[in-house]
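Just so we're aligned: the sequence shown equals residues 327 to 731 in our numbering. Note that the Cβ used here is the ideal one computed from N, Cα and C, for glycine as well. Have a look at the structure below before the remarks.
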Amino acid sequence: MTRRLILLVAGFIAAASAIAAGHPVQGAYPFRIETKAAGREYRLVAVNSGPATITLAAQIKGENFASDHSWPLVEVIPPNASQELGRVFAATRGQGFRFTTRYSHAFGDARRPPDSALAYRLPFADGVRSQVGQAPGGEITTHTGKESLYAVDFTVPEQTPVVAARGGTVVEVKDWFTEGGPNPDLLDKANIVTVQHGDGSTAQYVHLATNAIVVRPGQVVTQGQLLGYSGNTGYSSGPHLHFAVTQAVVYPDGTVHQDSLPIAFYAFNPSVRFEARQNMVVAADYSSPGKVVYPEGKREIVVAMAQPAPGPLPAESTNTPRVTSQEVGISIEAEPQGSWADDIERETGYPLWALVCAIAALFIIVRLVAEFLDTLKPPGVAIRTENWRGAVYNPREFRRPRDSD
327 MTRRLILLVA GFIAAASAIA AGHPVQGAYP FRIETKAAGR EYRLVAVNSG
377 PATITLAAQI KGENFASDHS WPLVEVIPPN ASQELGRVFA ATRGQGFRFT
427 TRYSHAFGDA RRPPDSALAY RLPFADGVRS QVGQAPGGEI TTHTGKESLY
477 AVDFTVPEQT PVVAARGGTV VEVKDWFTEG GPNPDLLDKA NIVTVQHGDG
527 STAQYVHLAT NAIVVRPGQV VTQGQLLGYS GNTGYSSGPH LHFAVTQAVV
577 YPDGTVHQDS LPIAFYAFNP SVRFEARQNM VVAADYSSPG KVVYPEGKRE
627 IVVAMAQPAP GPLPAESTNT PRVTSQEVGI SIEAEPQGSW ADDIERETGY
677 PLWALVCAIA ALFIIVRLVA EFLDTLKPPG VAIRTENWRG AVYNPREFRR
727 PRDSD
């Protein structure tokens, strides 16, 4: 019994390990750099399996290696495409070499300037009114990083229809998170829709309700089209919609990030352009004429100025940038002979050791089932025998009892 219990526990642990390691992080954008053996060298290939344009910044370091490409590099990888970045081989033939690949990537084209003259419609359905929470120029509690410096929080009730402020392609959807509150553990657990525009910039619609997003990655949306419904998921102290426009930017240290951009909105008919300010009340009105007022000497466009809301402003996740940094290390003590493990992972989507764990778990479970079935056989069908030396035969070698004299 003890042995069977140990086998059962080992089987479950192996199976759980294989499942956890074999599945990618839920919702992670499908971008990676593959290291492929090619004879006596390695090919580095960027694989973009998603619908977004990606800016990649990569560099390699190591010993006794050379490459046919200059490093570090910055490349723009088109949607649903693969691109060879370079080949790495021994600087001195016949000797071992090692290298490490470090890279970061972000949505957008860092080489293309965004359209700063464009104004966005308000990101909620026609007729909805909202008081602005955090916004540039006002009291800032969580919009402190470059990725959210120009972001705007719109206070709206849960289940408010959220629409595209500008047309583009949906490149990211997360709608499975259920919790929300001022808890730092929820920083990366907000439901989100990310739409990439024609100039490479992206709009992020954050804190949406659970299972309330009606678009999918790769879908082309038009301005004003329904994306989903607002909520209070992630790091937040109250229902609101966080809206930001970002652009890929390469930093001096050779990494790429998504920095937020200043946002201009428009409303009314004819259109009136304005910037959102804290405590401003705005309305998604695109049929009535609007006007410009000058409260306290500032040129702002409002429906009405409201008093500051009591209590803290809705907190906003500071983890909204879609930036991923990764490192891939290769150490070769002799000239490479090929990497069949990489081929297995590429073809199956699972690392080799995870497949081994899964096979081991399956073997253990089959063994336990077989032993359990043996216990169900009626008495007398099989007996366990010993030879004259006391050695135990294989219990699976069944022998019928001898007839009694």
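Using a Cβ distance threshold of 9 angstroms, valine 400 and valine 582 count as a contacting pair.
A residue is called buried once 16 or more other Cβ atoms fall within 10 Å of its Cβ, and isoleucine 685, having fewer, is exposed. A direct Cα-Cα distance of roughly 19 angstroms separates glycine 493 from serine 556.
Residue burial annotation: threonine 418 is exposed, with fewer than 16 other C-beta atoms found within 10 angstroms of its C-beta. The beta strand (DSSP E) runs lying completely inside the region 413-453 and spanning 3 residues or more are 423-433, given in chain order. Pro588 is the residue among Val695, Ala407, Val607, Pro588 whose C-alpha sits nearest the C-alpha of serine 474. Below 8 angstroms, enough C-beta pairs join the region 543-552 and the region 485-504 to call them touching: three or more. Uninterrupted alpha helix (DSSP H) stretches at least 4 residues long and entirely within the region 464-506 do not occur. Taking 9 angstroms as the cut-off, the Cβ atoms of valine 571 and proline 440 count as close. Under DSSP, the beta-bridge partners assigned to serine 556 are Leu534. Per DSSP, the beta bridge partners of serine 393 are Val414. Pairing leucine 553 with valine 489 gives a Cβ-Cβ distance under 9 angstroms.
In its chain, beyond the 5 residues on either side, Gly388, Glu389, Asn390, Phe391, Ala416, Ala417, Ile658 have a beta carbon closer than 7 angstroms to the beta carbon of phenylalanine 423. Put simply, of Ala574, Ser393, Asp585 the residue whose alpha carbon is nearest the alpha carbon of arginine 366 is Ser393. Of the other Cβ atoms in all chains shown, 16 or more fall within 10 Å of the Cβ of glutamine 457; this residue is therefore buried.
A straight-line Cα-Cα distance of about 38 angstroms links valine 454 and valine 402. Residue environment: proline 508 is assigned as exposed (fewer than 16 neighbouring CB atoms within 10 Å of its CB, all protein chains considered).
Excluding its 5 nearest sequence neighbours in each direction, glycine 376 has C-beta neighbours in its own chain below 6 angstroms: Tyr355, Pro356, listed in chain order. Within the DSSP secondary-structure output, leucine 382 pairs in a beta bridge with Glu401, His431. A straight line joining the alpha-carbon of valine 695 with that of isoleucine 359 spans about 42 angstroms. For the set Arg413, Met606, Phe600, the Cα lying nearest the Cα of alanine 364 is the one of Arg413.
Taking the Cα of threonine 381 as reference, the smallest distance to any Cα among Pro405, Gly560, Thr426 is reached at Pro405. The Cβ neighbour count for tyrosine 429, taken over all protein chains shown within 10 Å, is at least 16; the residue is labelled buried.
Secondary structure of glutamate 601 (DSSP, three-state): coil. Looking from the CA of alanine 610, the closest CA among Phe433, Asp452, Gly526 belongs to Asp452. In terms of Cα proximity to glutamine 522, the closest of His395, Ala491, Leu688, Gly463 is Ala491. Exclusion of the five residues before and after alanine 445 leaves Ala590, Phe591, Tyr592, Ser597, Arg599 as the residues of its chain whose Cβ lies within less than 8 angstroms of its Cβ. In the same chain as asparagine 374, and ignoring 5 residues on each side of it, the C-beta atoms closer than 6 angstroms to its own belong to Phe357, Ile380, Ile403, Ala407, in chain order. Contact check for aspartate 435 against glycine 526 passes: the beta carbons are separated by less than 9 angstroms. The bridge partners DSSP lists for isoleucine 359 are Ala372. By the C-beta density criterion, threonine 468 is buried, having at least 16 other C-beta atoms within 10 angstroms. In the DSSP annotation of this structure, aspartate 525 is not part of any beta strand (DSSP E), being labelled neither H nor E.
Within the region 559-592, the beta strand (DSSP E) runs of at least 3 residues that lie entirely inside it are, in chain order, 567-576, 582-586. With a cutoff of 9 angstroms on beta-carbon distance, valine 532 and leucine 567 are scored as near each other.
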